[in-house]
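Just so you know, the protein sequences line up as chains A, B and C, in that order. Residues are numbered in the numbering used here as their position in the first sequence, beginning at 1, plus a constant of 30. Residues are numbered in the numbering used here as their position in the second sequence, beginning at 1, plus a constant of 9. Residues are numbered in the numbering used here as their position in the third sequence, beginning at 1, plus a constant of 497. Glycine included, every Cβ here is placed at the ideal spot set by N, Cα and C. Below is one structure, written out as structure tokens; comments come after it.
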Amino acid sequence: MAIIERPTPVTEAALPAPATPTRTFGALRRPVATTGWKSWVFTVDHKKLGIMYGVVAMFFFIVGGIEAVLIRLQLAAPDGKVLSADVYNQMFTMHATTMVFLFVMPMAAAFANYFVPLQIGARDVAFPRINAFGFWTLVGGGIIVNLSWFFGGAADGGWFMYAPNSGPVFSPSNGVDFWALGLQITGIASLTGAINLIVTVLNMRAPGMSLMKMPVFTWLQLVVQFLLLFAVPVITVALFLLSFQRNFGATFFDVSAGADPLLWQHLFWIFGHPEVYILILPSFGIISEVLPVFSKKPLFGYPFVVFSGAAIGFVGWGVWAHHMFASGLGPVSVAVFSIATMAIAIPTGVKIVNWTMTIWGGKLNFTAAMHFAIGLVVLFTIGGLSGVTHAVAPSDTQQTDTYYIVAHFHYVLFGGAIFGLFSGFYYWWPKMFGKQLNERLGKANFWLMVIGMNMTFGPMHMIGLQGQPRRMYVWTEARAGEGFFNIAFWNRVASIGSIILAFGVLLFLINVWKTARSKQVAPLDPWDARTLEWMTTSPPKEHNFDAIPTVHHLDEFFHRKYAQDPVTHEIKQVATAEDIVREQEANADKHIHMPSPSYWPIILAGALPIIALGLIYAIPVAIVGGAIVVLAMYGWSLEPSTAPDTDFDPPASGEGTKELAPLG
Amino acid sequence: MIRHSNQRSGVRMSKSVRRIVATAAGLSAVAFLAGCASNAPQDTWQPKGPNAQKIDDLQKPVFAIAGVVGIIVFAAIAYAVFRFKDRGQPIPEQTHGKPVLEIGMTILPALILAGIGVFTFQTIFDLAKTDDTEMVINVTGQQWWWEYDYPVQEQYGITDPIITSGQLVIPTGTKVLLRETSRDVIHSYWIPALNGKRDAVPGRVHYLRLEADEPGIYAGQCTEFCGLSHAVMRMEAVALDKDDFAAWVKGQLSLAASPAEGTLAKEGESVFLNQCVRCHQVNGLKKADGSPAIAAPEDNVWSGAAPNLTHLMSRNTFAGASWDLLTKECRKDVWGASSEEFGAKYLTGVTEECLNQTDLRRWLRNAPAMKPMYADPTKLEPTDGKYRGMPNLGLTEDDIDKLVAYLATLK
Amino acid sequence: MADAAVHHADHGHHTSTGLSNNKLGMWLFLGSECLLFGGLISTYMIYRGRVGEGPRPGNVFDIPFTSVSSFVLLMSSLTMVLAVAAAQKRDDRGTTLWLTVTGLLGATFVGGQVYEFTAMYNEGLGYTTSLFGSAFYTLTGFHGVHVTVGVIMLLSLVAIIKRSKVPGDKAEVVELVGLYWHFVDVVWIIIFTLVYLIPT
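This is the structure:
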């Protein structure tokens, strides 16, 4: 039986008549540029925003990476002199903050923005202007967090910012203020992004795409967005309490007033633990796309991967206190959270089994993307297993706050989250830019990163189990032990490893640069992919699909390309990607009305850092920022999301226009 | 067809998998042994008391199980990677999974974890017991040192409270309960050889059991990030057998004697009275007019406390156990002593020839240069003019000579 | 707040859930808000007994007064329902009338809260007096800001409807503001019960 399905052509009769155009009431005329910087800055196109998310995230990855290398240089030898205690404390605080909030989250958002609409066969996200607002808000938040370096020192309380050490007495510089307000702003970005993507996924799937026919990447992004939706307000509360204490004299964490410092820890980790899954699940999603493609097999146990992802999302809310096993909770709480934490290992284990079984019996093609995906499975397994050792609360009391934990979460986050993102770069690059990253450089990039990462973080297991705590600006020979393989040795190895790792990342940047200069155009479907995002041109047109496809299968695109012979059971190619795209073009929708660019998102987003700076330095400035917010909101609300048909050339009501360009 | 090839591979798997497992196990064993052989003083895998032992009994099997699971997973992946490489084989059947296998692979880890869970439960409650306590010590953290306060416990000869710092001294074979709190930010008390860590949180009292089997010295470190000098906030627990402990208690209860007139130490005493006594108490020290000199750290230090120096030379460290009072050789002698000899060596304290003059003088010359502290008098606005740590006292070399001579008398 | 409708909703395309994008978005936003208030309410519940030297909750609360202002806010939910009903009947006059009444009732509540805060401050409960004070003002202040934002949205909506400048579906915009308004009311019922009625 042929599994190819012809999409039902959307006839013109099925299209409703365009609405009567409303006039634009915003104070500003709409931006109309389709090229040049204005076409990026004022864009509401999810693909352009996705690329901009990626660029900004990559910038912060480099910033955070430089911070990491400085940290390792300081710790390469006993009594390091590279950084002072004060600068070191700022450095590790900002390294974590940058990597978590300004690299992994935005990079995952980059992929989500670009590929979720494409994977579900939509033309954009549900709220394109909010999407643009989210991006510019993230930029503003990132700037505020990092500005502190130039205004008297960055935050120095660790990314967990435990009270009371984060209070005005113990951290007198403005660093913590910048940090709290900056994260508050990035929180707004995450929250709006979450609402946007959830609505997009729930409401805008192509006809026939039931939830259980959705690609796994989209599924796990959906779980992530729900986690964000409920986790962000909790950190918002915590950050408000912290800011109010620092700036308005509130007493929330003032022990002399009777406050309980553990309140902060609970609030922070109720956010912080779901946050861990927010960081890792997008990468799980990416490799759940990559492994099947390069194994020529569907993902093994799709429903199990989906449900285990959802289960992680749920159980992830009940394990926060495992970050607090040593903080004196009492044995009952510790026992309960210890067991809950072990429980979360089960759905995670299910995923490892499914990935292994996906490649098992496949036809494996070891591209750079596949390298990173398999690398993730292996490295994440190491991190997951060391995670089980500290789910066991009593052994955690020996391991927590030592380098063993640093090793654990770098295996999970570097080996897991970041390897997944790199897998995504190599897999989706041709889709996003129409050019393939160099595979040979890609594999070299992979091996340098694997070696560097294992040399950097592997020894940290040893360092930690031998008793070296984290967050130490110096370590001493006196506690390093004897023999050749002592803490000093492993610290040196880790520092050398970090340099290798840095070269690995550099190789990636070189690859990007070389690819950008190369003239070689990638084929339409270079990987023989399985999902809808490949069923259009590369890079996709502004409206993504000429005709919205009707979905009949999980892995729709693959099913359109291949059919199984009913007698021999052999699977044979019956159509090429080019055939399918050409056919789509032939049946193109007549009126494709895309949301128009707008000034308001960037204006509204730009007001937020002004408010933040005002709160720190001069309240009147904050009031000016607030006024801009109010005005921008009015302007925004009064501006229809789509320019009226008459603003287009040729007019939107005209015949035979495919892509509508706003008047220049 | 797919199933057929699976069966075939199943047979072939066992051999190569076994080889991979053996190699991986061997390699990881070597790495682990290498890692553990270094005898680091804070090694978490070398328990020296029943509490740490309980943790160790739990964690070693967990590590072993995790290791075995890891090896199986890696072997499976390695096998798949080599076996199923694209060598032109036909496109595999588009199978979507085997629910039986999935459910089995869900239940299996659940069972393993349930097993671990039972023992975890038991150990958590075992370690939380307090009703069999034999001795209580109050432990207070502040930036960046620990204070130990022994409440009156006649059965150990503690007839008056003892206040000390840097080194926690406990009798062997005794179930000691630490009552932890903090005077400023959160710290965490951790002697890996004796037990896991427990945070010292301001406004709360947390309990931690310690018990040492053998006399000896056990290193530890603050493990909750506590600000600028977190990295050098160290501690040591010293276990003495019962007789030695009694002797130590007796020593600690004595008052400091004033040095003989005309000695350098006597001059040092007056430097101490001029400068140090503002924060540091020395029990028995008298002012020139004969009235007792009472330190007032609450007026000068944000946490309201500074180490009591009455028996400074009875301990081997200073400045929050950040530096040794003993020279390298003497330190090696004490740390390396057998458990029989240890007590006597420790109770000797810091003798003239063993005193680490270099570091002590460096400290007196400019403490914040050695250990970063909030001690710049021009930047004390957030703390109402109080220091966090010890400021640079601006002592002359002459004063330092005198002061060292005096401090050396505080046995 | 709510983004105006995009193309798909504009043209009455059906969505997978049957809810319009805007409405689904609003529900999700309110779901997130639950956690925000959850965090603030938890903080208050933990700290409400920690009064230090300052006044106790029982000393500063004027329950009859707050009951009346709570009743005013509850009534505004009723008028909001009437506004939504009128909007669905495309009755612009009715819509603007009931929206105005809702807005005025909301403003009355905010006014009551300002009065209440002033009275409490005069009785010695400042923002920095005690943990109870900090937590109380933060929680009720956050709620008050939500009500204020709601009032601004209601009155702006009245102005926009009068000048028929509503982008997209008018009835839906009214309904969206209504959803927000009801949510803010429900949160107040919870706050009023937990903060004022349950004795410490």
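Note that the C-beta distance between V175 of chain A and G212 of chain A is below 8 Å. For M144 of chain B, the enclosing beta strand (DSSP E) stretches over residues M144 to Q151. Along the segment 135-146 of chain B, the positions whose C-beta sits under 7 Å from a C-beta of chain A are L136 and A137, read in chain order. Taking the Cα of I601 of chain A as reference, the smallest distance to any Cα among B:V148, B:E102, B:P316 and B:G260 is reached at B:E102. One alpha carbon belongs to I543 of chain C, the other to P291 of chain A, and they sit about 12 Å apart. When Cβ pairs closer than 8 Å are counted between the two stretches, the segment 407-420 of chain A is seen not to touch the segment 92-112 of chain B, the count staying below three. It is roughly 29 Å from the alpha-carbon of N475 of chain A to the alpha-carbon of F165 of chain A.
Exclusion of the five residues before and after A210 of chain A leaves L269, L272 and S273 as the residues of its chain whose Cβ lies within less than 7 Å of its Cβ. Of all residues in the segment 589-607 of chain A, only H589, Y592, Q594, H599, E600, I601, K602 and Q603 place a beta-carbon less than 9 Å from a beta-carbon of chain B. Check the Cα spacing between Y159 of chain B and each of B:V286, B:C288 and B:I179: the tightest is with B:I179. Against chain B, a Cβ distance below 9 Å from V407 of chain A picks out V82 and I86. G536 of chain C has a beta carbon lying within less than 8 Å of a beta carbon in chain A. The Cβ of V345 of chain A sits no closer than 8 Å to any Cβ of chain C. Ranked by Cα distance from V291 of chain B, the options B:K184, B:L419 and B:S191 are led by B:L419.
Between the segment 131-145 of chain B and the segment 419-437 of chain A, the count of C-beta pairs closer than 8 Å reaches three or more; the two stretches touch. Residues of chain A whose Cβ lies closer than 9 Å to the Cβ of R553 of chain C do not exist, since the nearest Cβ in that chain is about 13 Å away. Taking R370 of chain B as the centre and dropping the five residues before and after it, the same chain places the C-beta of I409 and V413 closer than 8 Å to its C-beta, in chain order. A direct Cα-Cα distance of roughly 41 Å separates K251 of chain B from Q295 of chain A.
At least 8 Å separates the CB of A184 of chain A from every CB of chain B. DSSP places H582 of chain A outside both helix and strand once states are collapsed to three, so it counts as coil. Close to A375 of chain A, with beta-carbon spacing below 7 Å, are these residues of chain B in chain order: P118 and L122.
The beta carbons of R188 of chain B and G329 of chain B sit no closer together than 8 Å. T637 of chain C has a beta carbon lying at 8 Å or more from every beta carbon in chain A. Per DSSP, H196 of chain B is one residue of the beta strand (DSSP E) stretching across H196 to Y198. Close CB contacts of T540 of chain C within its chain, under the 8 Å cut and outside five residues either way in sequence, are with A632, T635 and L636 (chain order).
For Y441 of chain A, the enclosing alpha helix (DSSP H) covers residues Y433 to V442. Judged by pairs of C-beta atoms under 8 Å, the segment 644-651 of chain C touches the segment 673-690 of chain C, as three or more such pairs exist. Between the segment 508-528 of chain A and the segment 477-492 of chain A, the count of C-beta pairs closer than 8 Å reaches three or more; the two stretches touch. Using a Cβ distance threshold of 8 Å, G94 of chain A and M129 of chain A count as a contacting pair.
Chain A has a Cβ within less than 8 Å of the Cβ of I133 of chain B. Rounded to whole angstroms, the separation of the alpha carbons of T514 of chain C and G205 of chain B is 52 Å. Taken in chain order, the whole beta strand (DSSP E) runs of length 3 or more contained in the segment 378-423 of chain A number zero. Taking 8 Å as the CB threshold, F526 of chain C lines the interface with chain A. In this chain, the beta strand (DSSP E) harbouring A248 of chain B covers R243 to L249. Around P263 of chain A, the beta-carbon contacts reaching into chain C at under 9 Å are S529, E530, C531, L532, L533, F534, G535 and G536. As summarised for the segment 309-353 of chain A, the continuous alpha helix (DSSP H) elements at least 4 residues long and confined to that stretch are 332-345, given in chain order.
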